[in-house]
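K.L.:
Take a look at the following structure, please.
The structure is reproduced here in structure tokens:
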């Protein structure tokens, strides 16, 4: 069975096709014939070696990937979610050793897998699980109420885009920064107020909301540069572990999507929001497994809008 993995840290060129053993569904598990795997920034963190900052035990060969979409071809004992052979599904994997989503067959706990949204392709569906769950967790950590204001950095990206859409579904007011080229995209996602990416972020936020915003989701990793945009007693969440120094009673949190691993209900709710046209999926392009390095190069180069995808079938 084929997978895309690495035998050492390095640039995109270290990605290679490798053979991995066939796997079988056990108790509470389903096996998926994978059709598509999304390529995410977290995959680059692993491949490049930056992951060593967060994870000391890192065995090779390593297969990256957290998002997939495909068809169930085996169901283990005691599966109670209603999933069955032949169902089109999507899910989130937590990579460990040679067991990430860059593989043509994967076995996971039933709670990590839900049906794919109706009227979506495998390529589209695989872009949803990890990024949308990360966005959902950020919003849950910010703990905002309908009518409150959230600021989002990195809105045109996959994470930022899902934060915007889910925030609007939650009844929040959204302010986000953008270049001129992305303004139409952000308006389409539902942003209420767009500010310039070229100017001081916090200063622009305060021009619209003098006391600051109620919450901030930092997808662009502005870190300290964005903290002043938050009001006293507000909330700030980041996606790479940043937590600001205690100040002004701000609630700082770090969004680690592993907290929502195997949260069937949350992912299935987002699936329903896609079917209800509250959340839209964005694909930048796809490559075949042997060209996975090209997807990594394009993602690292910046400017992709939507996710690069590995098409297995």
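Numbering (my numbering), first residue to last: 214 to 526. Using N, Cα and C, we set each Cβ at its ideal position, and we do this for glycine too.
1. Just reading off the beta strand (DSSP E) that residue 378 is part of, what are its end residues?
2. Taking the C-alpha atoms as reference points, what is the distance between residue 402 and residue 291?
3. Buried or exposed: which applies to residue 309, given that a residue is buried once 16 or more other Cβ atoms fall within 10 Å of its Cβ?
4. Is it buried or exposed for residue 462, if we count other Cβ within 10 angstroms and need 16 for buried?
5. Under 8 Å, do residue 389 and residue 360 count as touching if we go by C-beta distance?
6. On the DSSP bridge assignment, give the partners of residue 499 in chain order.
7. If I measure Cβ to Cβ from residue 479 and keep anything under 7 Å in the same chain, skipping five residues before and after, which residues do I get?
8. Just list the alpha helix (DSSP H) runs in the stretch 279 to 359, keeping only unbroken ones of 4 residues or longer that don't cross its boundaries, in chain order.
9. Measuring CA to CA, which of 375, 225, 424 is closest to residue 447?
10. If you reduce the DSSP assignment to three classes, tell me which class residue 419 lands in.
11. Mind listing, in chain order, the continuous alpha helix (DSSP H) runs of no fewer than 4 residues lying wholly within the stretch 238 to 272?
12. Under 8 Å between the Cβ atoms of residue 435 and residue 465?
13. Measuring alpha carbon to alpha carbon, tell me which residue in 288, 224, 238, 285 is nearest residue 260.
P.N.:
Looking at the atomic coordinates:
1. Looking up residue 378 in the chain shown gives position 165. Counting along the chain, residue 378 falls outside any beta strand (DSSP E), though it belongs to the alpha helix (DSSP H) covering 371 to 382.
2. Translated into positions along the chain shown, residue 402 becomes position 189. Translated into positions along the chain shown, residue 291 becomes position 78. Residue 402 and residue 291: Cα-Cα distance of roughly 40 Å.
3. Position 96 of the chain shown holds residue 309. So residue 309 counts as exposed.
4. Here residue 462 is taken as the residue at index 249 of the chain shown, counted from 1. Per the 10 Å Cβ criterion, exposed.
5. As a working note, residue 389 is residue 176 in the chain shown. As a working note, residue 360 is residue 147 in the chain shown. Their beta carbons are not under 8 Å apart, which means residue 389 does not touch residue 360 by this criterion.
6. The residue given as residue 499 occupies position 286 in the chain shown. Per DSSP, 522.
7. For the purposes of this step, residue 479 is identified with residue 266 of the chain shown, where counting begins at 1. Contacts found: 346, 349, 473.
8. With a minimum length of 4 residues, the continuous alpha helix (DSSP H) runs that stay inside the stretch 279 to 359 are 335 to 338, 342 to 355.
9. Position 234 of the chain shown holds residue 447. Per the Cα distances, 424.
10. Along the chain shown, read from residue 1 onward, the residue named residue 419 stands at position 206. In this structure, residue 419 counts as helix in the three-state DSSP scheme.
11. 254 to 261
12. Along the chain shown, read from residue 1 onward, the residue named residue 435 stands at position 222. Along the chain shown, read from residue 1 onward, the residue named residue 465 stands at position 252. The answer is no: Cβ separation not under 8 Å.
13. Reading the chain shown from its first residue, position 47 is the one you call residue 260. If we check each option's Cα against that of residue 260, 224 comes out closest.
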